[in-house]
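Numbering (the numbering used here), first residue to last: 3 to 127. All C-beta atoms in this analysis are idealised placements derived from N, C-alpha and C, irrespective of residue type, glycine included. First up is the structure itself, then whatever we jot down about it.
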């Protein structure tokens, strides 16, 4: 396993454990984060401050969440992971989903690196 692959695994483990500080550990200060759902970008963040604020908001939505890596591939300075995602809602959502409902998704996360820091995360589902 490469250092970059281990950094990605550490990030996902921190995510699963609601550990915001752990998630931020290996992020570049100018991190670019994109969430793509159904082929459309629905969230773009730039900078570690905005990323942290969004991460703190997101944890309130779930009582449990888990990204399980099903495959991991490294190509130059990019690590791509396929994931199975499961989350249990901690509150009702405007789309009609209720507290206690389970969300399951298959997705892919792409992590770009520079100088041993994650510079870009693109989550696709």
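Residues that residue i bridges to, as DSSP identifies them
i: residue 115; result: 120
i: residue 137; result: In the structure as shown, the chain begins at 3 and stops at 127. Residue 137 is therefore absent and cannot be evaluated.
i: residue 4; result: Note: residue 4 sits in no beta bridge, so no partner.
i: residue 77; result: 80
i: residue 37; result: 45 and 125
i: residue 64; result: 91
i: residue 26; result: Answer is none; residue 26 lacks a bridge partner.
CA nearest to the CA of residue i, picked from the options
i: residue 6; options: 56, 109 and 119; result: 119
i: residue 114; options: 77, 93 and 102; result: 77
i: residue 11; options: 117, 74, 43 and 45; result: 74
i: residue 103; options: 64, 49, 39 and 38; result: 64
i: residue 46; options: 40, 58 and 33; result: 33
i: residue 106; options: 94, 93, 70 and 21; result: 70
i: residue 60; options: 8, 92, 117 and 15; result: 92
Through-space distance from residue j to residue i, alpha-carbon basis
i: residue 87; j: residue 98; result: 20 Å
i: residue 3; j: residue 81; result: 11 Å
i: residue 53; j: residue 96; result: 23 Å
i: residue 48; j: residue 17; result: 18 Å
i: residue 94; j: residue 62; result: 11 Å
i: residue 1; j: residue 22; result: Outside the displayed span of the chain (3 to 127) sits residue 1, for which this structure offers no information.
i: residue 29; j: residue 41; result: 25 Å
i: residue 27; j: residue 72; result: 23 Å
i: residue 15; j: residue 79; result: 21 Å
Beta-carbon contacts of residue i that lie in its chain and below 6 Å, excluding the five residues immediately before and after
i: residue 110; result: 84 and 126
i: residue 66; result: 90
i: residue 122; result: 34 and 114
i: residue 68; result: 18 and 88
i: residue 20; result: 61
Cut-off 8 Å between Cβ atoms - residues of its own chain near residue i, not counting five sequence neighbours on either side
i: residue 43; result: 36 and 37
Distance cut-off 8 Å: residue i Cβ against heavy atoms of the ligand ADP
i: residue 61; result: Ligands are entirely absent from the displayed structure, and the ligand ADP is therefore not among its contents.
Beta-carbon proximity list for residue i, same chain, < 7 Å, skipping 5 on both sides
i: residue 39; result: 127
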